[in-house]
Amino acid sequence: MAEDIGASTYDDLIDLQYKGLSMEQMGILTFYSAIDLSGNKIEGQIPVSIGLLKTLIALNLSNNAFTGHIPLALANVTELESLDLSRNQLSGTIPSGLKSLSFLAHINRINH
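This is the structure we're talking about:
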């Protein structure tokens, strides 16, 4: 369910975890161009719902405690130019779907 407030569209939720407490963030704007959540001690898996942020250009999730695989849903963020996932505990490989992102020029996954 989406609410229309002026010219801004809100999606229902994006799940985040902060210091081990699970939260649902209601009303995350879907037209952000950059999100920096680095250094916030966020734990758990990167939420698949991050793929709803279709106009995102830069995403920095570095220096947290993310685990699991990089979600394939990131391939839905077609405007993404920069992705920093360094200093987390991610496993697996970079999803092949990210290769289809024509604007992605920088991906950092060092020291995962």
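Residue 28 in the working numbering sits at position 28 of the sequence shown; the count goes up by one each step and never skips. Glycine included, C-beta positions come from ideal geometry on N, C-alpha and C.
(Q) For L61 and S38, which I take to be in contact (beta-carbon distance under 8 Å), what is that distance rounded to the nearest angstrom? (A) 7 Å
Q. Is the CB-CB distance between L85 and N63 below 8 Å?
A. no
Q | Through-space distance from N76 to T67, alpha-carbon basis | A | 20 Å
Q: Rounded to whole angstroms, what's the CA-CA distance from G44 to K54? Just pull it up for me.
A: 22 Å
Q. Which of the three DSSP states, helix, strand or coil, is assigned to I46?
A. coil
Q. What residue does the beta strand (DSSP E) around S100 start on, and which one ends it?
A. Careful: S100 lies outside any beta strand (DSSP E) and carries neither H nor E.
(Q) Rounding to the nearest angstrom, what Cα-Cα distance links I35 and A58 in this structure? (A) 6 Å
Q: Give the secondary structure of N88 by DSSP, where H, G and I count as helix, E and B as strand, and everything else as coil.
A: coil
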